[in-house]
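First up is the structure itself, then whatever we jot down about it.
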Amino acid sequence: MRMHPHRKHSHSDAPDTAAAFRRLAELDDGPDRRELRQAVVAAWLPMADRIAGRFRNRGESLEDLRQVAALGLVKAVDRYDPERGAFESFAVPTVVGEVKRHFRDHMWALHVPRRVQDLRNRVRTARRDLVSTTSGRSPTVAEVAAEAGLSEEDTLVGLDALESFSALSLDAELPGADDGYSLGDTLGSSDPAIDVLVDREAVKPGLRRLPEREQTILYMRFFRDMTQSSIARSLGISQMHVSRLISRSCDRLRDEVMRDAA
1 MRMHPHRKHS HSDAPDTAAA FRRLAELDDG PDRRELRQAV VAAWLPMADR IAGRFRNRGE
61 SLEDLRQVAA LGLVKAVDRY DPERGAFESF AVPTVVGEVK RHFRDHMWAL HVPRRVQDLR
121 NRVRTARRDL VSTTSGRSPT VAEVAAEAGL SEEDTLVGLD ALESFSALSL DAELPGADDG
181 YSLGDTLGSS DPAIDVLVDR EAVKPGLRRL PEREQTILYM RFFRDMTQSS IARSLGISQM
241 HVSRLISRSC DRLRDEVMRD AA
């Protein structure tokens, strides 16, 4: 099938596929329809490529953008109703929407709620439109809010999202740092005392149930860091007896904690 160019379209090389679309609507699924559909898609690919080119230099390769735009074109061909106007009027917003969805769903470094993404787009458009009326100065939050029809609070959310499309590496040097101090250097690390705190809380009920002498011995050994011999002298008992009491008390506490955990 030969597609003839038609000058009435906005693209000089836009093909005249009206007859082909009418034929697609009449054909049942089969080899003939699939071949005609493929020919229609191929005829309109230059338009999809041009749309993809509008989004170059935004962090995605042009080849990937062309593939996304081609997918949008296929969807447009499949959904188009010849009775509802020219194909180009339907296809262009469909392809553009597919490319924008690609950026929205796949190009953010972190998951950002749809509402925040929409606020970002409205704020970005408002700022761009205001630049021509503010003699090049950066518009204020109030001006952007009025232009976008948003509250100042939502405008601030959108402005923050403008800087959140990509993430900084943890190895990135902090602004103003001249000693190689990186973003990763500002992050904290795990505090080993947290594990100790958990262990202490776990044994507290068991400690309260121990006889008073065993509580005293464990306190002197583990909280006052006294040796077994000094504990024995303090309590007037043998060091061996102190050792047996510590071992027996620790075994009891361990068994109780493990039983409670199970």
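Each residue of the sequence shown is one higher than the last, beginning at 1 in the UniProt record's numbering. In this text, a Cβ means the ideal position worked out from N, Cα and C, and glycines have one as well.
- Where T216 is concerned, the enclosing alpha helix (DSSP H) starts and stops at 212 to 218.
- Contact annotation: A76 and L65 have beta-carbon atoms that are not nearer than 7 Å.
- When DSSP states are grouped into helix, strand and coil, E88 belongs to the helix group.
- Within the stretch 46 to 88, complete alpha helix (DSSP H) segments of at least 4 residues are found at 62 to 79, given in chain order.
- S189 sits in coil when the DSSP states are folded into three classes, being neither helix nor strand.
- In this structure, DSSP gives P15 an extended state, which the three-state scheme calls strand.
- Around the beta carbon of I194, fewer than 16 other beta carbons sit within 10 angstroms, so the residue counts as exposed.
- DSSP, read as helix, strand or coil, puts S132 in coil.
- Residue G72 holds the alpha-carbon nearest to the alpha-carbon of A91 among R104, G72, L218, F103.
- Relative to D78, the option among R213, V40, A148, P192 whose CA is nearest is V40.
- DSSP, read as helix, strand or coil, puts S238 in coil.
- Rounded to the nearest whole angstrom, the CA to CA distance from E83 to A142 is 46 Å.
- By the CB criterion at 7 Å, I217 and I237 fall outside the cutoff.
- Burial check for F87: the Cβ neighbour count within 10 Å reaches 16 or more, so the residue is buried.
- Assigned with DSSP and collapsed to three states, S138 falls in coil, not helix or strand.
- Distance from the CA of A25 to the CA of D16, rounded to the nearest whole angstrom, comes to 16 Å.
- When secondary structure is reduced to three states using DSSP, S230 falls in the helix class.
- Excluding the 5 residues flanking it on each side, V99 has same chain C-beta neighbours closer than 7 Å at I51, A52, F55, L65, V68, A69, G72, in chain order.
- Inter-residue distance for R120 and A48 is about 25 Å (C-alpha atoms, whole angstroms).
- In the DSSP assignment, no residue is bridged to S247.
- Here G184 has L170, D171 as same chain residues with Cβ atoms under 8 Å from its own Cβ, once five neighbours each way along the sequence are excluded.
- Judged by DSSP secondary structure, E173 falls outside any alpha helix (DSSP H); it is assigned neither H nor E.
- L156: member of the alpha helix (DSSP H) spanning 152 to 162, first to last residue.
- Per the C-alpha coordinates, the member of S189, E173, G188, S190 positioned closest to S182 is E173.
- Minimum Cα-Cα distance from L156 among the listed residues T134, R128, R124, L130 corresponds to R124.
- The beta-carbon distance between Q239 and Q228, rounded to whole angstroms, is 5 Å. This is short enough to meet the 8 Å contact definition.
- Rounded to the nearest angstrom, the gap between the Cα atoms of R233 and K204 is 27 Å.
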